[in-house]
């Protein structure tokens, strides 16, 4: 199943040539280290994508932000872009905002979690959310989002590095097993 999914994704991925023809992406397409899947670039891409996805919380700008951070840190751009999608509206409203508010509240700031619940239940408008953030919630959310993004990015980096190492070892064992059995 996983191989089929990877084959499907690979068939639909843009080629380096198609990216080089795009005038906005052409400077990045010329740097192959940003597109290679290696043991160093993939965990960096995961960490950057998770950090930007949680901290930025503005759909659309997350991918752009992740790409801009990937360039100086030489991280994998496709992995970073995909990793930003942890922050989809349900996770923002049900996990990230309440978690960030709870973390910020532990530092002495006040972001009322019941207000978040009430606003989600009544389907509050963007203007209401912005007014709430500008009130007493801004410091709590800023601290909470920063700490949450750092921790999740570090965990994402560690998990990606471990998964990469596990896959390399599994391939090596399989290769040695085939070589020894032949």
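Residue numbers (my numbering): 371 to 552. We put the CB at the ideal spot given by N, CA and C, even for glycine. All values derive from a computational prediction rather than experimental measurement.
Cβ-Cβ separation, residue j to residue i (assumed contact under 8 angstroms), whole Å
i           : j           : result
residue 469 : residue 518 : 6 angstroms
residue 511 : residue 503 : 6 angstroms
residue 424 : residue 522 : 6 angstroms
residue 457 : residue 466 : 6 angstroms
Beta-carbon spacing of residue i, residue j below 7 angstroms
i           : j           : result
residue 446 : residue 415 : yes
residue 481 : residue 471 : yes
residue 385 : residue 419 : no
residue 491 : residue 444 : no
residue 451 : residue 433 : yes
Residues of its chain near residue i, where Cβ-Cβ distance is below 6 angstroms and the 5 sequence neighbours each way are ignored
i           : result
residue 409 : 534
residue 548 : none
residue 417 : 523, 526, 527
residue 513 : 474, 477
Reference residue i; option with closest CA among the options
i           : options            : result
residue 473 : 488, 532, 508, 441 : 508
residue 526 : 412, 464, 544      : 412
residue 442 : 484, 431, 398, 451 : 398
residue 390 : 405, 379, 439, 431 : 405
residue 460 : 440, 546, 381, 487 : 487
residue 506 : 542, 485, 496      : 485
residue 387 : 379, 436, 438, 400 : 400
residue 463 : 382, 475, 483      : 483
residue 407 : 531, 544, 546, 545 : 531
Alpha helix (DSSP H) segment containing residue i, residue limits
i           : result
residue 565 : Nothing about residue 565 can be read from this structure; the chain reaches only from 371 to 552.
residue 463 : Neither: residue 463 is in no alpha helix (DSSP H) and is coded neither H nor E.
residue 407 : From DSSP, residue 407 is part of no alpha helix (DSSP H); its letter is neither H nor E.
residue 427 : Residue 427 -> no alpha helix (DSSP H), and no H or E assigned at all.
residue 487 : 483 to 492
residue 434 : 431 to 443
residue 473 : 467 to 475
residue 396 : 396 to 399
residue 496 : 496 to 502
Own chain residues within Cβ distance below 8 angstroms of residue i, not counting five before or after
i           : result
residue 499 : 489
residue 538 : 409
residue 529 : 416
residue 373 : none
residue 546 : none
Beta-carbon proximity list for residue i, same chain, < 7 angstroms, skipping 5 on both sides
i           : result
residue 475 : 481, 510
residue 395 : 389
residue 435 : 422, 426
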